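Below is one structure, written out as structure tokens; comments come after it.
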Amino acid sequence: MKLAIIGAGQMGAGIAQVAASHHHSVVLVDRDEATVARGIDVIERNLNRSVEKGRLTEEQRGTVLTHIRPEIAIKDFDVDIAIEAASETLKTKLEIFRQLDQSTPPAAILASNTSSISITQLAAATQRPELVIGMHFMNPVPVMQLVEIIRGIATSQATYDFTENLARELGKTPVEVRDFPGFVSNRVLMPMINEAIYALYEGVGSPEAIDTVMKLGMNHPMGPLQLADFIGLDTCLAIMNVLYEGFSDTKYRPCPLLKQYVAAGWYGKKSGKGFYDYTAAAGRA
Ligand code: CAA
């Protein structure tokens, strides 16, 4: 199968890696060479680790990389499906969907990896709303089992079936959900993270205390503040705003401390600082 993946950040790169590892041909697109190169670099480092662990041969690693073609603009792509994994802003996503509608074959499916934005609204920017769907992978994509599949109001059954099969074929477990703000994953996860930030803001506990309570007390693999840093605080804020505005309900109001961190450019792991400091850590994207 031929895929275009728009956005070479942590999600786009992860999706590209998984698709290429399942022998699909991938065009990985971002706005400039440095950004696409960073995405390819993340993939290479992940594949290198798999070689070190003896799960992949050098030859297989090379083959996976040859399945990924970097591009710096959306062009006429002869693909079966395009998956948008750009930043979590409506304006950016609408523009990408308009471009993909012009640049892919009329029968191609246009999917979004959005964490919360309305699939129905993205579909309305195209002339093919029945072919538009949400395909929400979890981070880190190579590791996490789930793909939330979101039906927009006009999504056809054929589009749903195709996307569900693709998720299975990529070794993931698809779960069908409806198109309401945050879907299921972020309707439940993000208010928990936001509440943890309120607990910090109100001085209930230190970041370490809050995270340790949730790790040891609830068996979460990461505490909510560490997870927020890992997801990106800008993304967390964008999702809280979608919930807050989408439901017009103050129970989803983003914590002022989250807004302040984002205003400071403290986006979490990717910027080197969030609730924790990452400047000394060599590491993983
Ligand atoms: N990319 C690729 N592989 C990675 C990785 C990354 N960024 N991070 C870890 N891994 C792999 C490791 O290579 C390792 O693989 P093996 O077991 O096969 O050797 C495995 O994951 C476990 O890694 P570690 O032993 O280093 O660390 P860990 O046991 O602490 O697990 C974790 C790391 C999987 C990230 C775990 O901490 C975890 O599950 N955290 C929660 C993740 C989560 O909640 N994700 C959802 C976020 S929400 C989202 O994505 C959607 C949204 O809309 C916001």
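172 is the number that the numbering used here gives to position 134 of the sequence shown; each next residue is one higher, with no gaps. Every residue gets a Cβ at the ideal spot worked out from N, C-alpha and C, and that includes glycine. Every value quoted in this text rests on a predicted model; they were computed, and no experiment measured them.
For residue i, which three-state DSSP category applies?
{"i": "residue 50", "result": "helix"}
{"i": "residue 309", "result": "helix"}
{"i": "residue 188", "result": "strand"}
{"i": "residue 63", "result": "strand"}
{"i": "residue 102", "result": "helix"}
{"i": "residue 45", "result": "coil"}
{"i": "residue 120", "result": "strand"}
{"i": "residue 255", "result": "helix"}
{"i": "residue 69", "result": "coil"}
{"i": "residue 108", "result": "strand"}
How far does the beta strand (DSSP E) with residue i in it extend, from its first residue to its last?
{"i": "residue 313", "result": "Careful: residue 313 lies outside any beta strand (DSSP E) and carries neither H nor E."}
{"i": "residue 150", "result": "147–150"}
{"i": "residue 288", "result": "Neither: residue 288 is in no beta strand (DSSP E) and is coded neither H nor E."}
{"i": "residue 211", "result": "211–216"}
{"i": "residue 175", "result": "170–175"}
Which two residues bound the contiguous alpha helix (DSSP H) that contains residue i?
{"i": "residue 132", "result": "128–141"}
{"i": "residue 297", "result": "294–301"}
{"i": "residue 201", "result": "195–207"}
{"i": "residue 237", "result": "223–239"}
{"i": "residue 94", "result": "Here residue 94 belongs to no alpha helix (DSSP H), and DSSP marks it neither H nor E."}
{"i": "residue 158", "result": "157–161"}
{"i": "residue 264", "result": "262–269"}
Please classify residue i as buried or exposed, where buried requires at least 16 other C-beta atoms within 10 Å of its C-beta.
{"i": "residue 196", "result": "exposed"}
{"i": "residue 44", "result": "buried"}
{"i": "residue 68", "result": "buried"}
{"i": "residue 214", "result": "exposed"}
{"i": "residue 259", "result": "exposed"}
{"i": "residue 145", "result": "exposed"}
{"i": "residue 232", "result": "buried"}
{"i": "residue 219", "result": "buried"}
{"i": "residue 286", "result": "exposed"}
{"i": "residue 104", "result": "exposed"}
{"i": "residue 64", "result": "buried"}
{"i": "residue 174", "result": "buried"}
{"i": "residue 62", "result": "buried"}
{"i": "residue 163", "result": "buried"}
Kindly examine the ligand CAA and report whether one of its heavy atoms sits closer than 7 Å to the Cβ of residue i.
{"i": "residue 76", "result": "no"}
{"i": "residue 104", "result": "no"}
{"i": "residue 164", "result": "no"}
{"i": "residue 210", "result": "no"}
{"i": "residue 224", "result": "yes"}
{"i": "residue 153", "result": "yes"}
{"i": "residue 39", "result": "no"}
{"i": "residue 91", "result": "yes"}
{"i": "residue 259", "result": "yes"}
{"i": "residue 127", "result": "no"}
{"i": "residue 250", "result": "no"}
{"i": "residue 99", "result": "no"}
{"i": "residue 273", "result": "yes"}
{"i": "residue 219", "result": "no"}
{"i": "residue 177", "result": "yes"}
{"i": "residue 256", "result": "no"}
Spatial neighbours of residue i within its chain, please: CB distance less than 6 Å, with the 5 preceding and 5 following residues excluded, ordered by chain position.
{"i": "residue 167", "result": "161, 192"}
{"i": "residue 138", "result": "120, 148"}
{"i": "residue 281", "result": "219, 220, 290"}
{"i": "residue 296", "result": "235, 275"}
Residues in the same chain with beta-carbon distance under 8 Å from residue i, minus the five sequence neighbours each way, listed in chain order, please.
{"i": "residue 251", "result": "243, 261"}
{"i": "residue 70", "result": "110"}
{"i": "residue 141", "result": "112, 113, 114, 115"}
{"i": "residue 198", "result": "171, 187, 189, 214"}
Using a Cβ-Cβ cut-off of 7 Å (strictly less than) and excluding sequence neighbours within five positions of residue i, which residues of its own chain qualify?
{"i": "residue 279", "result": "292"}
{"i": "residue 327", "result": "Summary: the structure shown does not reach residue 327, with the chain confined to residues 39 through 323, and so no result is reported for it."}
{"i": "residue 304", "result": "271, 311, 312"}
{"i": "residue 228", "result": "220, 274, 277, 278, 281"}
{"i": "residue 200", "result": "147"}
{"i": "residue 224", "result": "153, 154, 277"}
Any heavy atom of the ligand NAD closer than 7 Å to the beta-carbon of residue i?
{"i": "residue 173", "result": "This structure lacks the ligand NAD; the ligands present are the ligand CAA."}
Can you find a C-beta in chain C that's less than 8 Å from the C-beta of residue i?
{"i": "residue 75", "result": "Given the protein chain composition of this structure (a single chain), no chain C is represented."}
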